[in-house]
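Down below is the structure, laid out as structure tokens.
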Amino acid sequence: MSRTSTSTHIPATGKPRMIDDLISVILECNDHWWPRDYQRLALVSSAWLGPIRRRLYACPSLRTFHACNLFVRTVANNPCILSLVQGVDLRPMMSFRDRYALTEKDMTSLRFILNLAGLQSLTLGGELAVQAERFLHMMTNARSITSLHIDGSYIQCNDTLDCRHPASLEWNETIAFRFTKLRSLRLTNLQLAISDPPLPYSLRIADITLNDVTVSVGSVHHLCHESWGSVRTLSVTSKNAQESDELVRDLMECCENLEVLHYEVCSAGAHGEIFEEDTPLSRLRNLCLYDIDISPQTLIVLSQTCKALEHLSVLGRTVRLAATDWAGFVRSGALPSLRVLRTSMGTNSPLSGFTPWTTAMMTPVSDSCVARGITLSVCE
1 MSRTSTSTHI
11 PATGKPRMID
21 DLISVILECN
31 DHWWPRDYQR
41 LALVSSAWLG
51 PIRRRLYACP
61 SLRTFHACNL
71 FVRTVANNPC
81 ILSLVQGVDL
91 RPMMSFRDRY
101 ALTEKDMTSL
111 RFILNLAGLQ
121 SLTLGGELAV
131 QAERFLHMMT
141 NARSITSLHI
151 DGSYIQCNDT
161 LDCRHPASLE
171 WNETIAFRFT
181 KLRSLRLTNL
191 QLAISDPPLP
201 YSLRIADITL
211 NDVTVSVGSV
221 HHLCHESWGS
231 VRTLSVTSKN
241 AQESDELVRD
251 LMECCENLEV
261 LHYEVCSAGA
271 HGEIFEEDTP
281 LSRLRNLCLY
291 DIDISPQTLI
301 VLSQTCKALE
311 HLSVLGRTVR
321 LAATDWAGFV
331 RSGALPSLRV
341 LRTSMGTNSP
351 LSGFTPWTTA
361 MMTPVSDSCV
371 ARGITLSVCE
């Protein structure tokens with residue numbers, strides 16, 4: 001029986017040649033290709049050009065207005081590329097030379113990119129995160145968008161940027177009606193103004209992420225209006241504990257079908273009192289709390305409101321739960337569906353601060369988890 005090589009082909013000249021079918025396999029073996037890598041590989045042979053284009057243009061990342069102009073010129077000269085574009089990541093910043101005004105050429109390029117047919121994902125950042133609704137209103141094909149991210153991270157006051165306006169978004173029924181297929185909404189480092197909609201609108205957003213978002217106008221209840229029942233995953237990260245506690249409480253009241261909740265505060269002061277006995281969390285399966293002041297009373301409330309909880313993560317150095325608290329809680333079976341528990345390896349005390357657990361302290365927690373069939377993961 002003859003043996004066939006799967007990696008190379010040796011023609012009559014005797015020089016090995018790579019089989020073209022392996023190109024996609026090689027590209028899929030690494031998730032960290034850089035654009036320059038793609039550029040070099042595309043020059044290897046014509047067989048590499050198609051797979052490289054599909055990856056390079058699936059979601060172009062454009063960080064300057066000059067890059068936006070070059071992208072428009074490229075697709076104008078190569079119309080076949082348009083069918084490869086599934087999303088765009090637009091975070092252009094103005095340079096010192098042109099930061100005071102966009103040129104007509106810049107605006108023409110933005111309109112062209114924002115109105116590409118069939119876009120599924122869109123990220124607006126940099127200068128486009130300032131009054132981001134302006135650019136959302138430019139779109140005529142927004143109905144195909146399933147993932148939207150407004151990122152104000154680059155609009156920061158520092159030595160090189162002129163902070164004329166903060167990153168912001170005005171959310172109203174006009175935008176909601178445009179993005180009828182939206183499934184994932186991510187807002188980062190911005191001020192959010194929410195209008196009280198005069199008419200009900202139906203969205204089916206399943207995933208909401210709010211990172212350092214301040215609701216400056218309106219109520220967060222109107223973000224999804226009468227469509228909160230579709231939200232399954234909620235993630236909130238904040239540096240302001242007081243504002244974020246209130247925000248999370250309001251969101252939990254809205255999301256009656258919530259299955260995954262991640263709440264992280266990057267400063268001291270967030271309390272586990274965000275959970276109340278009448279909070280509708282009966283379907284919650286995955287809960288992750290980071291740097292939240294959790295006490296034994298919080299565990300009691302969780303056991304009453306989150307009976308379906310399967311994954312529980314309580315991490316950070318503000319947790320007031322001792323190893324004995326965890327051991328007793330797990331042993332009690334208060335969360336009958338719990339399968340995975342992640343905790344910090346220590347307890348916060350008002351007098352001594354964060355105190356790491358000893359091996360003797362850990363043993364009862366480990367034994368209780370083994371007895372209940374729970375996987376325990378302890379983080380330092």
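Numbering (full-length UniProt numbering), first residue to last: 1 to 380.
All C-beta atoms, glycine included, are put in the ideal place defined by N, C-alpha and C.
Predicted model, so just to flag it, every value in this text is computed and none were measured.
When only Cα atoms are considered, H311 and W326 end up about 15 Å apart.
Restricting attention to G125, T363, S337, D212, the CA atom closest to the CA of A322 is found in T363. Taking a C-beta distance under 8 Å as the contact criterion, Q86 and S121 qualify as a contact pair. A direct Cα-Cα distance of roughly 38 Å separates V378 from A167. One alpha carbon belongs to L124, the other to S147, and they sit about 11 Å apart. The beta carbon of L210 is closer than 6 Å to those of L187, V236 in its chain, skipping five residues each way along the sequence. Taking the C-beta atoms as reference points, T298 is found no nearer than 8 Å to F329. Scanning the region 187 to 250 for uninterrupted beta strand (DSSP E) segments of 3 residues or longer gives 207 to 217, 233 to 238, listed from N- to C-terminal end. Assignment of G126 by DSSP, reduced to helix, strand and coil, places it in the helix class. Residue T324 holds the alpha-carbon nearest to the alpha-carbon of G346 among N69, T324, A334.
Taking a C-beta distance under 8 Å as the contact criterion, R283 and L302 do not qualify as a contact pair. When the five nearest sequence neighbours on each side are left out, the beta carbons in the same chain lying within less than 7 Å of the beta carbon of L223 are those of W171, I194, in order along the chain. Under the three-state reduction of DSSP, T64 is assigned to coil, being neither helix nor strand. Residue state for S168 is assigned as strand, using DSSP reduced to three classes. Spatial neighbours of I205 in its own chain (CB-CB distance under 8 Å, excluding positions within 5 residues in sequence) are listed in chain order as L182, R183, S184, L185, C224, S227, S230, V231.
Contact check for L190 against V220 fails: the beta carbons are separated by 8 Å or more.
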